[in-house]
Each structure stands twice: as C-alpha cells, then as structure tokens.
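Step one of this worksheet: look at the structure below.
What follows is the structure in structure tokens.
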C-alpha cells in the first residue's frame, strides 16, 4: 500500500471512531477525532491515562484554532503564530470550543500546529484537527520507532507511515496567557 493510501486508510479509521498511530515531531503519537467521545476514551484507556487530564489537539492549519485565538491579546497571538508550525503546544482558554473529554478538568485546551509531515498530511486528509498524545502507556517512555508502538499497543494498530526526529524532544508546552513554560 502506498504512503498516500495508508494516510487515507488511517483517516478513514479516525472518521469511523478509531485510534491510530502517527509520527509527530519527536515521538510517535496516538490520534483520534477530538469530537468523538468514545474514541478519546478508547485512546486514554489504551494509554492507561485518566481522561480528566485532557489531551493535546494538533492540526496542520492554524485556521482550525481561529475561535480559540480570538480571545488572546495581539502579543499572545503573535507568540503562538511565530512558534507554528512546530513542536510548541500552547495552553489556551478553551471557551467550550472543544468538549470536556478533550479539555479534561481544565479551563484550557492544549493546541499545536504541527510541523510533522505525516501528522500534517493526516489533518489535511481529515480537513481538521486530531487528538495527539504520545504513543506509550502513562509514565512509560514515548515511542520513537514504529516497532515500539507495536510493542505497546499490538500489531493491529493502524499506523501512518513516517518517522520522527530522533534527536527531537516532545513538544514544549506553554501557557498562552502568561508565556510560562509548563514542559
């Protein structure tokens, strides 16, 4: 199966409520439809992570997050836009744009415009953002290679073709309202 067919297959799985694996900037991630509660709950169960913590939402296009940027000051918005696309995730007030199974118990949501080619292609194929969170069990080392994803989650997981920057680190997380670095 060609790479473009594999991306279309992964996008179809996401549309049907599935969880897929996709290489992000520095680690493999698990992705699903942020508006599908069952899918997000399945993803959190796979990771053994409480849904109350919330998840990151990534897109290949900043316009997917436009309603969330409207409430930021021009300086805050510039900081976000200057860091994207890239491995910087921003916590912004969620304004009920995303459902509680995405935001968890927080008043903020974690968003990123990705520079990862495979994740960007997946979002373009879906014409919207996806949940993305490291492909590992909570507390375990994030997967840097496809074989590690299989080791964690089995050979049945649908995988988008690609690789990660092996020298890279998981995305920096910053709070948009204060600029504070959270990770």
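In the working numbering, the protein residues as written are -11 to 171.
Virtual Cβ for every residue (Gly too), placed ideally from N, Cα, C.
Computed from a predicted structure; not experimentally measured.
Inset, instruction - Counting only the same chain and skipping the five closest in sequence on each side, list residues whose C-beta sits under 6 Å from that of residue 56. - result: Here the question's residue 56 lines up with position 68 in the chain shown. Once the five neighbours on either side are set aside, the close Cβ partners of residue 56 are 80 and 85.
Inset, instruction - Buried or exposed for residue 19, please, with buried defined as at least 16 other CB atoms from any protein chain shown within 10 angstroms of its CB. - result: To locate residue 19, count along the chain shown from 1; it is residue 31. Per the 10 Å Cβ criterion, buried.
Inset, instruction - Determine the extent of the beta strand (DSSP E) in which residue 162 is found, giving its start and end residues. - result: In the chain shown, counting from the first residue as 1, residue 162 sits at position 174. Where residue 162 is concerned, the enclosing beta strand (DSSP E) stretches over 160 to 163.
Legend entry - In DSSP terms, what residue -2 is bridged to: As a first step, residue -2 is located in the chain shown; it is residue number 10 there, counting from the start. Residue -2 pairs with nothing; no bridge assigned.
Legend entry - Nonlocal neighbours in the same chain, by C-beta distance under 6 Å from residue 108, ignoring five residues either side: Position 120 of the chain shown, counted from the start, is the residue given in the question as residue 108. Correct list, in chain order: 48 and 102.
Inset, instruction - Please confirm whether residue 15 and residue 131 have their CB atoms less than 8 Å apart. - result: For this step, residue 15 is matched to residue 27 along the chain shown. For this step, residue 131 is matched to residue 143 along the chain shown. Closer than 8 Å, so yes.
Legend entry - residue 100 - partner residues in DSSP beta bridges: Position 112 of the chain shown, counted from the start, is the residue given in the question as residue 100. Looking at the DSSP assignment, residue 100 forms a beta bridge with 46.
Legend entry - Between the CA atoms of residue 161 and residue 64 - distance to the nearest angstrom: Within the chain shown, the letter at position 76 stands for residue 64. Within the chain shown, the letter at position 173 stands for residue 161. Going by the C-alpha atoms only, they are around 14 Å apart.
Inset, instruction - Let me know the secondary structure DSSP gives residue 166 once reduced to three states. - result: Position 178 of the chain shown, counted from the first residue, corresponds to residue 166. Residue state, collapsed to three classes: coil.
Legend entry - Cβ separation of residue 69 and residue 45, assumed to be a contact under 8 Å, to the nearest whole Å: Position 81 of the chain shown, counting from 1, holds the residue named residue 69. Position 57 of the chain shown, counting from 1, holds the residue named residue 45. Wrong, their Cβ atoms sit about 17 Å apart, outside the cutoff.
Inset, instruction - Starting from residue 90, follow the alpha helix (DSSP H) in both directions and report where the run begins and ends. - result: Taking the chain shown and counting its residues from 1, one reaches residue 90 at position 102. Element bounds for residue 90: 88 to 91.
Inset, instruction - Keeping to the same chain, check which residues put their C-beta closer than 6 Å to that of residue 77; ignore five residues upstream and five downstream. - result: Numbered from its first residue, the chain shown carries residue 77 at position 89. 44, 98, 100, 159 and 161, listed in sequence order.
Inset, instruction - Using the DSSP secondary-structure output, state which residues sit across from residue 10 in a beta bridge. - result: Here residue 10 refers to the residue found at position 22 when the chain shown is read from its first residue. Answer is 17, bridged to residue 10.
Inset, instruction - In angstroms with no decimal places, state the Cα-to-Cα distance between residue 83 and residue 167. - result: In the chain shown, the residue the question calls residue 83 occupies position 95. In the chain shown, the residue the question calls residue 167 occupies position 179. Straight-line Cα distance between these residues: approximately 19 Å.
Legend entry - Sub-8 Å separation of residue 28 and residue 119 beta-carbons: Numbered from its first residue, the chain shown carries residue 28 at position 40. Numbered from its first residue, the chain shown carries residue 119 at position 131. Yes, the pair counts as a contact, with Cβ atoms nearer than the cut-off.
Legend entry - Residues that residue 78 bridges to, as DSSP identifies them: Locating residue 78 in the chain shown gives position 90, where the first residue counts as 1. Answer by DSSP bridge pairing, in chain order: 99 and 162.
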